[in-house]
Amino acid sequence: MGRGRVELKRIENKINRQVTFAKRRNGLLKKAYELSVLCDAEVALIVFSNRGKLYEFCSTQRYTHALVRSLKSCARKSSRQICP
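For the sequence shown, the positions run 1 to 84 when the UniProt record's numbering is used.
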């Protein structure tokens with residue numbers, strides 16, 4: 001028997017929200033790595049925290065340096081807006 005469905009809603013407690021973010025971020029980064037290895041695929045994952053900190057995973061270094069530089073400068077300008 002599987003787990004029940006979890007209702008998605010904002011976690012009001014700041015500390016619990018940060019802990020949940022850290023755990024989910026680490027799990028997501030691990031899944032991206034596993035997908036790149038198992039499927040021999042080029043995978044890029046970019047995650048911003050609510051404070052604007054950038055977390056990234058890239059399976060290859062082909063285009064990543066320019067993309068990450070661009071996103072870091074965008075994150076400094078505004079943590080909530082998407083830059084072109």
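All C-beta atoms, glycine included, are put in the ideal place defined by N, C-alpha and C. Nothing here was measured: the structure is a model prediction, and the numbers come from that model.
query, result
"Exposure label - residue 32; buried when at least 16 CB within 10 Å", "buried"
"Sequence-distant residues of the same chain with beta carbon closer than 6 Å to residue 84, five excluded per side", "Low per-residue confidence applies at residue 84: pLDDT is 48, beneath 50, and the placement is therefore not dependable, though the value from the model is reported in the following sentence. Answer for residue 84: no residue qualifies."
"At least 3 beta-carbon pairs within less than 8 Å: the stretch 28-46 vs the stretch 5-13", "no"
"Spatial neighbours of residue 64 in its chain, beta-carbon cut-off 6 Å, leaving aside the 5 residues before and after", "58"
"Length of the line joining the Cα atoms of residue 2 and residue 73", "43 Å"
"DSSP three-state assignment for residue 41, whether helix, strand or coil", "coil"
"Contacting residues, own chain, Cβ-Cβ under 6 Å from residue 17 (five flanking each side not counted)", "11"
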